[in-house]
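Residue 1 is where the sequence shown starts when you use the UniProt record's numbering, and the numbers rise one by one after that.
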Amino acid sequence: MQLTVSVLAALLLFSMPLQGVSASEEMVTVEEEFILEENSPEDDRPDFYTGQDSDIFVSAEDLFGAEQEQEEFQNFDMDYPPHPEEEKALAAAMETPDEPNVLSLAILRARKASSLLDSLKSGERKTPSQEGLDNPLYPALANALSAAELVPDEPDFLFLVAQIYAAFGPNPFTRELAEEAAEKTLELDPSYAEARLLLGILQHQNRSFSPAIDNLERAVSEKPALMDFRTASLLGAAYFLENSLPRGEQFFRKYLSSGEPNGPALFCLGVILHGMEKLPEAGETMRLAAEAFSQDTEKASYAHSVLAEWTEGK
Numbered sequence: 001m002q003l004t005v006s007v008l009a010a011l012l013l014f015s016m017p018l019q020g021v022s023a024s025e026e027m028v029t030v031e032e033e034f035i036l037e038e039n040s041p042e043d044d045r046p047d048f049y050t051g052q053d054s055d056i057f058v059s060a061e062d063l064f065g066a067e068q069e070q071e072e073f074q075n076f077d078m079d080y081p082p083h084p085e086e087e088k089a090l091a092a093a094m095e096t097p098d099e100p101n102v103l104s105l106a107i108l109r110a111r112k113a114s115s116l117l118d119s120l121k122s123g124e125r126k127t128p129s130q131e132g133l134d135n136p137l138y139p140a141l142a143n144a145l146s147a148a149e150l151v152p153d154e155p156d157f158l159f160l161v162a163q164i165y166a167a168f169g170p171n172p173f174t175r176e177l178a179e180e181a182a183e184k185t186l187e188l189d190p191s192y193a194e195a196r197l198l199l200g201i202l203q204h205q206n207r208s209f210s211p212a213i214d215n216l217e218r219a220v221s222e223k224p225a226l227m228d229f230r231t232a233s234l235l236g237a238a239y240f241l242e243n244s245l246p247r248g249e250q251f252f253r254k255y256l257s258s259g260e261p262n263g264p265a266l267f268c269l270g271v272i273l274h275g276m277e278k279l280p281e282a283g284e285t286m287r288l289a290a291e292a293f294s295q296d297t298e299k300a301s302y303a304h305s306v307l308a309e310w311t312e313g314k
C-alpha cells in the first residue's frame, strides 16, 4: 500500500480552517499545498477543546512541524484577588467546611476558570511567554486546580484543568500535564467522551498515533456528535500515518451506517479509499461528501476540487 503525498495532504488541508477563504483561493492543487505548508503563517487561534462546540484546531505543522523548545512555564502559584461572591463562599467554607460549602466554592472557581478560558476564543492568542503573568491562562489554571483540589472526585473539574493545560499550545511540559489530567478524568468517568477526545488529540499532537486512533474512535462512537470537521481529519491522517487504511475504511463505514450522512466522515472515507486505490468508490464517496456539505459552500467547494483533481489525475 503506497502512501501518496497528494492523498495525505488532502486530509491535512481538509483539517485546516476554510473560513474567510473564497472558492477561487481554495482551488490549489493538493501537492502545492503540501509543499508550501511549511512556509504558511502559523495559526494563532487557541488549541483547546471546550467540550461544547468542538473547537478543535489542527494544521499540517501540528503533524509534521519540528517540536518547539520547551518554553519557560511561569509560576502560577500566586494570590489572585477573589470577587465578592467568592469571598463569601470562601468564608462559609472556612467557617463550616462541609461538603455543600466546599462544593459551592469549587463551582465558583471552576466557573471563573471556564470564563477566562472562553475569553481567549474571541481575542488574539498570545503565548504565555509573550504575555507573562497577564495571560488569562494563569488565573484560569489557578482557579481550575483549586476546584479540582477541593472536590477531587469531580471529573468536570479535572477536564477543565486538562483543557487549560492544552491551551498553552505546543509546550511539551503543559501538554504532558494536559494528557495526565485527561487520563485522570477518564479514571473517574470512563464514559466522558469529551475528555477521551481531548486525550486522543493530545496523543495525535505527540505523534502517538496508535493510542490516538483508539481514543478518537471510542470518543466519536460513544458520542457521534463529536465527529466534526477536524476530528474526522485527525482520524484520517492517523490511519495513513499508522499504515492502517483498512481499519480506517472499516471504522468510517460503521460510523456512517449508524446515522445520517456525515460530510467529514464521508470526505475522509473517500480519501482513505483513494489511498487504497479503490478509485471509482473513492470518487462516488467524495461526491456524496460534497452533497452532505450542501449547507456549507466552502467545504462543498473543496470536496468538489479534490474530486476534480482526482479525475484529472486518472
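From the three backbone atoms N, C-alpha and C, an ideal C-beta is built for every residue, glycine too.
Note that the structure is a prediction, hence the values are computed from the model and not measured.
Within the stretch 154–195, the complete alpha helix (DSSP H) segments of 4 residues or longer fall at 155–167 and 172–188, listed in chain order. The distance from the Cβ of residue 117 to that of residue 164 is about 6 Å, consistent with a contact at the 8 Å cut-off. Residue 229 is positioned such that its CB atom lies no closer than 9 Å to that of residue 270. Between residue 219 and residue 201, the alpha-carbon positions lie close to 11 Å from each other. Residue 229: member of the alpha helix (DSSP H) spanning 229–241, first to last residue. In the DSSP assignment, residue 226 falls outside any alpha helix (DSSP H), carrying neither H nor E.
Relative to the Cα of residue 90, the nearest Cα in the group 146, 299 and 114 belongs to 146.
Below 8 Å, too few C-beta pairs join the stretch 248–257 and the stretch 293–313 to call them touching: fewer than three. Excluding the 5 residues flanking it on each side, residue 140 has same chain C-beta neighbours closer than 6 Å at 113, 116, 117 and 164, in chain order. When secondary structure is reduced to three states using DSSP, residue 97 falls in the coil class, being assigned neither helix nor strand. Taken through DSSP and simplified to helix, strand or coil, residue 261 comes out as coil.
Fully contained in the stretch 243–295 are the following alpha helix (DSSP H) runs of length 4 or more, in chain order: 245–257, 263–275 and 279–292. The residue from 97, 120 and 88 with its alpha-carbon nearest to that of residue 108 is 88. Collapsing the DSSP output to three states places residue 115 in a helix. The Cβ-Cβ distance between residue 195 and residue 155 falls below 9 Å. With respect to residue 199, residue 162 sits close: the two C-beta atoms are nearer than 9 Å. Straight-line spacing of the CA atoms in residue 276 and residue 249 works out to 9 Å. When the beta-carbon positions are compared, residue 178 and residue 160 stay at least 9 Å from each other. The criterion of a C-beta distance shorter than 9 Å is not satisfied by residue 213 and residue 232. Around the beta carbon of residue 191, fewer than 16 other beta carbons sit within 10 angstroms, so the residue counts as exposed.
Residue state for residue 206 is assigned as coil, using DSSP reduced to three classes. In this structure, the alpha-carbon of residue 291 lies about 10 Å from that of residue 285. Sequence-distant partners of residue 289 (beyond 5 residues in either direction) whose C-beta falls short of 7 Å from its own C-beta, in its chain, are 263, 266, 267, 270 and 303.
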